[in-house]
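Going by numbering that gives the first Met the number 0, the sequence shown opens with residue 0, and the numbers climb by one from there.
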Amino acid sequence: MSRFTRKDFIKKSGALFGGAYTSLFALDLIKAAPAHSFDLNRTKEGEKVIILGAGLAGMTSAFELTKLGYNCTVLEARDRVGGRCWSVREDSSNTETEFGTHTSAFDKGLYFNAGPSRIPHHHELTLHYCKELGVPLEIYNNVNEASYYFSEGAGPLSNKKIRAREIQYDIRGYMSELLAKAIDQGSLEMAMTQEDVDKVLNFLRAEGGLDPDDLYKTSTRRGYAKEPGVGAGEYSKAHSLSDILSSGLMEPDFYNVAEYTYELQMTMFQAVGGMDNIAKKLAEKIKPLIQLEAEVSSIKNTEEGVSVVYSTKDGEQKIEADLCICTIPLPVLSYIDHNFSGNTSRAIDYASYNKTGKIGLQFKRRFWEEDEHIYGGITHTNNELTQIFYPSNDYQSKNGVLIGYYNFGDKAEETGKLSYLDREKLALQKGSLIHPQYHEEFDNSFSVSWHKTKYSMGGWAEYNSRSRESVYKVLLEPDKNVYFAGEHMTYLNAWMAGAFESARSVVADIHNRVSGQHFNYPNTKG
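Put into structure tokens, the structure is as follows:
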């Protein structure tokens, strides 16, 4: 059996219990998304605004501006609204820069959310718009202890699917045991009365499921080897801490999981029938204003306002307006002709976006429910898949779609280099190590690499302390008559709330400029 020190344990367990994320929150790098008051006075009719992009930020900007009397035109390069807020359904198609266009073969009524899939309960602004637009919501099961951890490697627990609850409660038990011993022996050098010590020890015994000798041996919380019924059942045996450590199950792929992350804590929601229903409802409100398949090639500030050149099936077009809101993702905007200032242009060029990809796998039956009692939640791996997401809708239906991988960074980059067919093969090969039912039940797939998707070129904006100064703060200010909006213009990167928040902020800025009002929209941008 491998040896480890108390120092090693504390270091590992501190990481497991979300220390990195907590630090970000403490440093004010993670923001809340409240629904601030947005009581603006209507302006006179006639001011014209061009909005580039019919994603959530662009359409919300148009929705709010039209309430105030502005004349808006929304140009969208795609043949659909929503941008990255997109649910892949029957006959959905996507175009990537290297592999061209492919089309979904999902059965009618099946879908997966290729973009945002979750709404935190504290994202008040997103919930506000869902309510205002009449988008029904349902519970999204983000945390499911019946899902699995799967670590490829050489350890005794490697290459085995292990229920998440087994690892989590074993580690919780061992940590509680360690702390109970340290406190009882006075090893932590804490100024505590004996009464305080007793209270902490009692808490640790309850928290960790310790026995009367303050030892962790096993717990009903981690599940049973034989389920109770008429008989008493049989406790499952705990994994040893050394086996957990040497099998990589306390490494970064498995710590800081959902229940420790502020944005991912329950309760979470999803739009009934697909998250793109939010975008579709927005589009219904401003349908006459949206022009699809309008690819922008030039954005120019003029003495009178702004001029935009774009192409449609009918050829090159030109439109002029007083002001412009540009929600085009920065990696795409970088290649569009413009006359922005040097600082603005450099900020656009140096922006960094996350590499990320998903694959939806349709199966003939919902074996994860029928065979393994998994209803929603996420299986975590340390291989190319990173995560498998189980659907939180249509439980006990005949068939379904699960997300076969959701990966980021280097793993997403390598997966994105594969053809659509080879991505499918990878997802099936690695996924069948966890779910052997893949072999018999697989039907078809659809994958998206957002960093290779035309008109997106990335999943969401990524910032560090330096780029918050050199990129983000520069683009918070308009370049003459052009304003910038989108999730990349907030601290709520990757979340729909970022798009909504940015839209409201820009609408307030424009309305103050045009009307001479001084509405102070709360600064949640940083």
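Ideal Cβ placement from N, Cα and C applies to all residues, glycine included.
A quick note: this is a predicted structure, and the numbers were derived from the prediction, not measured.
DSSP on residue 90, reduced to helix/strand/coil? Residue mapping note: residue 90 aligns to position 91 of the sequence shown, counting from 1. Three-state result, residue 90: coil.
Is residue 112 closer than 8 Å to residue 376 when the C-beta atoms are compared? Position 377 of the sequence shown, counted from the first residue, corresponds to residue 376. Position 113 of the sequence shown, counted from the first residue, corresponds to residue 112. It is not a contact, given that the beta carbons lie outside the stated cut-off.
Beta-carbon proximity check, residue 535 vs residue 102, cutoff 8 Å: Residue 535 falls outside the range modelled here, since the chain spans only 0 to 525, and no answer is possible.
Would you tell me roughly how many angstroms separate the C-alpha atoms of residue 363 and residue 221, rounded to the nearest one? Looking up residue 363 in the sequence shown gives position 364. Looking up residue 221 in the sequence shown gives position 222. Approximately 31 Å, taken between the alpha carbons.
Whose C-beta lies closer than 6 Å to the C-beta of residue 27 among residues of the same chain, with five residues either side of it excluded? As a working mapping, residue 27 is identified with position 28 in the sequence shown. With a pLDDT of 45 at residue 27, under the threshold of 50, the predicted position of this residue should be treated as unreliable, and no value is reported.
Any idea what DSSP makes of residue 224, helix, strand or coil? What you label residue 224 is simply residue 225 of the sequence shown in a count that begins at 1. Reduced to three states, the DSSP call for residue 224 is strand.
Looking at the secondary structure, which residues open and close the beta strand (DSSP E) in which residue 442 lies? Counted from its first residue, the sequence shown places residue 442 at position 443. First-last of the beta strand (DSSP E) with residue 442: 441 to 448.
For residue 210, which residues of its own chain have a beta-carbon under 7 Å away from its beta-carbon, when the five flanking residues on both sides are left out? The residue given as residue 210 occupies position 211 in the sequence shown. Closer than 7 Å at the Cβ level, and outside the excluded window around residue 210, lie 216.
Can you check DSSP and say which residues form a bridge with residue 119? By one-based count along the sequence shown, residue 119 stands at place 120. Beta-bridge pairing links residue 119 to 267.
Starting from residue 527 and walking both ways along the alpha helix (DSSP H), at which residues does that stretch end? Any answer about residue 527 is impossible in this case: the structure gives the chain only from 0 up to 525.
Below 8 Å between beta carbons: does that hold for residue 403 and residue 360? What you label residue 403 is simply residue 404 of the sequence shown in a count that begins at 1. What you label residue 360 is simply residue 361 of the sequence shown in a count that begins at 1. In this structure, residue 360 lies closer than 8 Å to residue 403 by Cβ.
Could you please give the first and the last residue of the uninterrupted alpha helix (DSSP H) stretch that includes residue 244? Taking the sequence shown and counting its residues from 1, the one referred to as residue 244 is at position 245. Residue 244 -> alpha helix (DSSP H) spans 240 to 245.
Buried or exposed by the 16-neighbour rule on C-beta atoms within 10 Å, applied to residue 202: Your numbering for residue 202 matches position 203 in the sequence shown. By the 10 Å Cβ count, residue 202 comes out exposed.
Which residues share a DSSP beta bridge with residue 214? Here residue 214 refers to the residue found at position 215 when the sequence shown is read from its first residue. Beta-bridge pairing links residue 214 to no other residue.
Thinking just about the alpha-carbon of each residue, which of 172, 241, 480, 145 is nearest to the one in residue 156? Position 157 of the sequence shown, counted from the start, is the residue given in the question as residue 156. Closest by alpha carbon: 241.
Considering residue 300, what are the terminal residues of the beta strand (DSSP E) in which it resides? The residue you call residue 300 lines up with position 301 of the sequence shown. 294 to 300 is the extent of the beta strand (DSSP E) around residue 300.
Is DSSP giving residue 78 helix, strand or coil here? Taking the sequence shown and counting its residues from 1, the one referred to as residue 78 is at position 79. Coil.
With DSSP as the reference, label residue 462 as helix, strand or coil. For the purposes of this step, residue 462 is taken as the residue at position 463 of the sequence shown. If DSSP states are grouped into helix, strand and coil, residue 462 belongs with coil.
Would you call residue 49 buried or exposed, if buried means 16 or more other Cβ atoms sit within 10 Å of its Cβ? Position 50 of the sequence shown holds residue 49. That one is buried.
Got a sec? Which residues, its chain only, sit under 7 Å from residue 289 by beta carbon, not counting five neighbours each side? The sequence position of residue 289 within the sequence shown is 290, counting from 1. Correct list, in chain order: 53, 73, 75, 80, 282.
Three CB pairs or more closer than 8 Å across the stretch 82 to 100 and the stretch 113 to 127: yes
Assuming residue 310 and residue 296 are in contact, meaning their beta carbons sit under 8 Å apart, how far apart are those beta carbons, in whole angstroms? Stepping through the sequence shown from its first residue, residue 310 is reached at position 311. Stepping through the sequence shown from its first residue, residue 296 is reached at position 297. Confirmed, Cβ separation roughly 6 Å.
For residue 304, does the count of other Cβ atoms within 10 angstroms reach 16, so buried, or fall short, so exposed? In the sequence shown, the residue the question calls residue 304 occupies position 305. Buried is the call here.
Cβ-based neighbour list, residue 161, same chain, cut-off 7 Å, excluding 5 preceding and 5 following: Indexing the sequence shown from 1 puts residue 161 at position 162. Taken in chain order, the residues that qualify are 147, 148.
Run through the stretch 367 to 442 for me and flag every whole beta strand (DSSP E) of 3 or more residues, listed as ranges in chain order. 377 to 380, 386 to 388, 399 to 407
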